[in-house]
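**Student:** Structure incoming, see below.
Numbering (my numbering), first residue to last: 201 to 696.
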């Protein structure tokens, strides 16, 4: 890893903090900038929250529902209607992430050059339209094409929301806000499960003119497209175009995020690209995302099948699947806790340990003890909070527009690779206990803990080194027009 002696900044600008009085331990308690009163800071934060977060939460909830719609459809005859073997169904789960991989880097590049809100809105509308096609396209090959396109258009959503969070919120606020919108996948459990349960019952009674699984795709696809249209009109591309802020408040909003030391350039920089590729932290983030995504690829596509294999019927499976929505509390609490104590990395450890216990219960429990195995499934839910924690760290710690674009793209490509690998661990020959599958999950989550500890250690050591150097050199100023990376700017402090 390069040191601070290797790279020197080329420009200077407005002072953000005094390094002799502030270290990383103080990042979560950085005082309000002197030119903004605490009252104005709180007022602006509330106003931004109320105008951005509700729609962000709805978008992420729908993204999760749309992603797992195939699991709900499978309960209502989707596999049988399209004559899909278990292997073909597994590939439909995997091809989504191939589309995600293909779309990720182009989408991240476009986010750097095009209006962020408009690009996101167009992708949401297209993603909703493609989801509707799942009800119209017959056969394995046609469904493979549709699932690929679904992944391609969805690849812009989570990176876009992460960029919005970094653009609008201060360092100490970003983890909590990321946790809030990311936790909406828990409401996705409830929304998807409750809707599918009602449709499944109506389907059994013969009340529907088309199969219930088709209604699932059309209903959620249309809802998604409507939300995309709302985003076009309601979410501003930047603070400068915020329709819900006065000109004076826009200036205050920019001042309150100046401490983030995030550049505003839209130009591509090859030196920043090379720095991103050579930075060990980039690959530690990718490793932790890959490891956490392997179990996610299993549970996202197969959770209804897993629960049904415990011995429950289709309707019971849909209801029992909703219990996993307790993940809402898990995500919100641990990301809030990380901001509160000033240590996001270590806040990922407890939920991962709980998940290992849950997977171990499913691994070790005999087939006939279905309620114990079901309890293990519910306990294993928390581990994926590590991904939004890592994403919030990228938002806070990676500076330089090109570098951030590159690291975000690599992070989500790792997410896709993990989700591609995961479904392949679900093999019918391992039925009924699927012990290799649960062992894979235990190892993946355990190694993700080790990786988060490594990220924590690297950031802590790097901050201590920067504090020593700056205490001798004295504080300097930062200009967002300079487009310095976190490596180029020796006055940048990492949040961990």
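Ideal Cβ positions, reconstructed from N, Cα and C, are used throughout, including at glycine.
Out of 269, 295, 366 and 255, which one is the CA nearest neighbour of residue 600?
**Tutor:** 366
**Student:** How long is the line joining the alpha carbons of residue 223 and residue 651, rounded to whole angstroms?
**Tutor:** Bear in mind that a pLDDT of 34 at residue 223, under 50, signals an unreliable position, so the model cannot answer this.
**Student:** State buried or exposed for residue 699, treating a residue as buried only when at least 16 other CB atoms are found within 10 Å of its CB.
**Tutor:** Given that the chain is displayed from residue 201 to residue 696, the structure contains no residue 699 and the question cannot be resolved.
**Student:** For the alpha helix (DSSP H) holding residue 334, just list the boundary residues, first then last.
**Tutor:** Residue 334 -> no alpha helix (DSSP H), and no H or E assigned at all.
**Student:** Can you say whether residue 433 is buried or exposed, counting buried as having 16 or more other CB atoms within 10 angstroms of its CB?
**Tutor:** exposed
**Student:** Straight-line CA distance for residue 210 to residue 618?
**Tutor:** Low confidence applies here, because residue 210 scores a pLDDT of 38, under 50, leaving its location unreliable and the question unanswered by this model.
**Student:** Along the chain, where does the alpha helix (DSSP H) that runs through residue 734 open and close?
**Tutor:** The question about residue 734 has no answer here: the residues shown for the chain are numbered 201 through 696.
**Student:** Can you tell which of 285, 251, 289 and 246 has the C-alpha that lies nearest to the C-alpha of residue 500?
**Tutor:** Of 285, 251, 289 and 246, the smallest CA-CA separation from residue 500 is found for 289.
**Student:** Going by the beta-carbon positions, is the gap between residue 772 and residue 244 smaller than 8 Å?
**Tutor:** With the chain covering only 201 through 696, there is no way to say anything about residue 772.
**Student:** Ignoring anything shorter than 4 residues or poking outside the region 584–642, list the alpha helix (DSSP H) runs there in chain order.
**Tutor:** Complete alpha helix (DSSP H) runs here, min 4: 586–597 and 601–624.
**Student:** Can you give the Cα-Cα distance for residue 344 and residue 352, rounded to whole angstroms?
**Tutor:** 12 Å
**Student:** Between residue 381 and residue 253, which are expected to be in contact by the criterion C-beta below 8 Å, what is the C-beta distance as a whole number of angstroms?
**Tutor:** 7 Å
**Student:** Out of 324, 403, 510 and 406, state which residue places its alpha-carbon closest to the alpha-carbon of residue 420.
**Tutor:** Distance check between residue 420 and each of 324, 403, 510 and 406 places 324 closest, using alpha-carbon atoms only.
**Student:** Applying the 10 Å Cβ sphere with the 16-neighbour rule, what's the burial state of residue 687?
**Tutor:** buried
**Student:** State the Cα-Cα distance for the pair residue 349 and residue 478, rounded to the nearest angstrom.
**Tutor:** 31 Å
**Student:** Between residue 581 and the rest of its own chain, which residues show a CB-CB distance below 6 Å, the 5 nearest in sequence each way excluded?
**Tutor:** 524 and 527
**Student:** Flag this pair as yes or no: are the beta carbons of residue 262 and residue 415 separated by less than 8 Å?
**Tutor:** no
**Student:** Relative to the C-alpha of residue 474, which residue among 397, 588, 603 and 563 is closest?
**Tutor:** 603
**Student:** For residue 386, which residues in the same chain have their Cβ closer than 6 Å to its Cβ, ignoring the five residues on either side in sequence?
**Tutor:** 525, 527 and 528
**Student:** With a threshold of 6 Å on Cβ separation, who are the neighbours of residue 294 within its own chain once the five nearest residues in sequence on each side are excluded?
**Tutor:** 620 and 623
**Student:** Which parts of the region 351–430 are runs of the alpha helix (DSSP H), unbroken and 4 residues or longer, counting only runs that do not cross its ends?
**Tutor:** If we require 4 residues or more, the alpha helix (DSSP H) runs fully inside the region 351–430 come out as 357–368, 371–382 and 384–405.
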